[in-house]
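Reading through the structure tokens given below for one structure.
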Amino acid sequence: MTNDEVKEAVATALADDGRMSVEALSRLLGLTSAVVRKAMTALHSEGIAVRAVVHPAVLGLPECAHLRLRVDGPLGHVLDALCARPEVPFVSHVAGGHTLSAEIRVADRPTLATVVAAIAALPGVAGVDLDEYLDIVRDASLDLLRPDAPQPLDDIDRTLVTELQADGRRSFAAMGEQVGLTTASTRSRVLRLIEMGALRIGVRRQPGPGTVQVGYRLSAPGTRAATLAVLRELPDMSYLALTTGSADFVGTLTCASPGDASRALTALRAVPGVRALQSWTHLDVVKETYA
Numbered sequence: 011m012t013n014d015e016v017k018e019a020v021a022t023a024l025a026d027d028g029r030m031s032v033e034a035l036s037r038l039l040g041l042t043s044a045v046v047r048k049a050m051t052a053l054h055s056e057g058i059a060v061r062a063v064v065h066p067a068v069l070g071l072p073e074c075a076h077l078r079l080r081v082d083g084p085l086g087h088v089l090d091a092l093c094a095r096p097e098v099p100f101v102s103h104v105a106g107g108h109t110l111s112a113e114i115r116v117a118d119r120p121t122l123a124t125v126v127a128a129i130a131a132l133p134g135v136a137g138v139d140l141d142e143y144l145d146i147v148r149d150a151s152l153d154l155l156r157p158d159a160p161q162p163l164d165d166i167d168r169t170l171v172t173e174l175q176a177d178g179r180r181s182f183a184a185m186g187e188q189v190g191l192t193t194a195s196t197r198s199r200v201l202r203l204i205e206m207g208a209l210r211i212g213v214r215r216q217p218g219p220g221t222v223q224v225g226y227r228l229s230a231p232g233t234r235a236a237t238l239a240v241l242r243e244l245p246d247m248s249y250l251a252l253t254t255g256s257a258d259f260v261g262t263l264t265c266a267s268p269g270d271a272s273r274a275l276t277a278l279r280a281v282p283g284v285r286a287l288q289s290w291t292h293l294d295v296v297k298e299t300y301a
């Protein structure tokens, strides 16, 4: 295999199991440990990392929504206010129909209403359109499963989740030392979190210099389940949420070039049942933190 083929093979394997050991990767791919380590170093230098992705319901934040803001005048004050809010983990300056995109994650609907009202009242905000989520089914290109009855996380669990969000391959020993547990106990806790569906650990590809991220919302009247099955299979689908209201889905396509983005949108329009597709381009992701 060429170097690029080796890197892609390692990345694909880590997408299935982000904590697979170098030795296990070597056996799976038929490569030496030295070759695997070299490929992993190269992937890291290219902005490809292994990190945990967590369903917000697990963190006690089951109520989520996507906001489309129209802003009159300078953006600075509005951006500062949005980025300062802990309930808003994502803020992006966009082109196409509105000015800013933002996401809210909170514990309950009254809090969601309060936060939306506060944002709508910001000076310069001319309008806010809301898509309330029913569920988030994909994040950072990893499929998520909303636990039927999320078990409350204690402080140790939350610390472990935060550490794995930063580095999905951090050793059990290092995490155990931080939280005051033995390596075995730390391993047991992390495996429990994975088995209960609290988190997924896999490859997260950071957008490169030429990457184009396109947001969209669409309706699929009467075909939601069938449309979801097709959307999950689209290769550029990095984020996908089921919504209620005037749209059935909100998501993000992450593409290598403008041409690829055009082809991805064309493929999206061709999905049976898709109606009323609206799209926008992310010009500058100002805030993105889900830890």
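Under the working numbering, the first residue of the sequence shown is numbered 11, with each subsequent residue one higher.
Quick reminder that beta carbons are idealized off the backbone N, C-alpha and C, glycines included.
Return helix, strand or coil for Ser272, following the three-state DSSP convention. Judged by DSSP in its simplified three-state form, Ser272 adopts helix.
By Cβ distance, which residues of its chain are closer than 8 angstroms to Val104, with the 5 residues on each side in sequence left out? If we look at Val104 and ignore the five residues flanking it on each side, its Cβ neighbours are Leu110, Ser111, Gly225, Trp290, Thr291, His292, Leu293.
Beta-carbon contacts of Lys17 that lie in its chain and below 7 angstroms, excluding the five residues immediately before and after: So the list reads Ala49, Ala52, Leu53, once near-sequence residues are dropped.
Measuring CB to CB, does Leu140 end up less than 8 angstroms from Leu79? With contacts defined by Cβ atoms closer than 8 angstroms, Leu140 and Leu79 do not form a contacting pair.
With contact counted as at least three CB pairs below 8 angstroms, one residue from each stretch, are the region 59-75 and the region 203-215 in contact? Segments in contact, yes.
Let's see if you can read the secondary structure: which residues bound the alpha helix (DSSP H) around Val125? Run containing Val125: 119-130, per the alpha helix (DSSP H) assignment.
Using only the alpha-carbon positions, how far apart do Asp90 and Glu56 sit? So the two alpha carbons sit approximately 30 angstroms from each other.
Does the Cβ of Met11 have 16 or more other Cβ atoms within 10 Å, making it buried, or fewer, making it exposed? Exposed, by the Cβ-count rule.
Near Gly220, which residues of its chain fall below 8 angstroms by C-beta distance, leaving aside the five closest residues on each side in sequence? Ala266, Ser267.
Specify the secondary structure class of Ala94 as computed by DSSP and reduced to three states. Of the three classes helix, strand and coil, the one that applies to Ala94 here is coil, per DSSP.
Based on Cα-Cα distance, which residue from Gly134, Ala235, Val281, Ile211 lies nearest to Ala25? The residue among Gly134, Ala235, Val281, Ile211 with its C-alpha nearest the C-alpha of Ala25 is Ile211.
Give a yes or no on whether the C-beta atoms belonging to Gly178 and Gly28 are separated by under 8 angstroms. Going by beta carbons, Gly178 and Gly28 fall inside the 8 angstroms limit.
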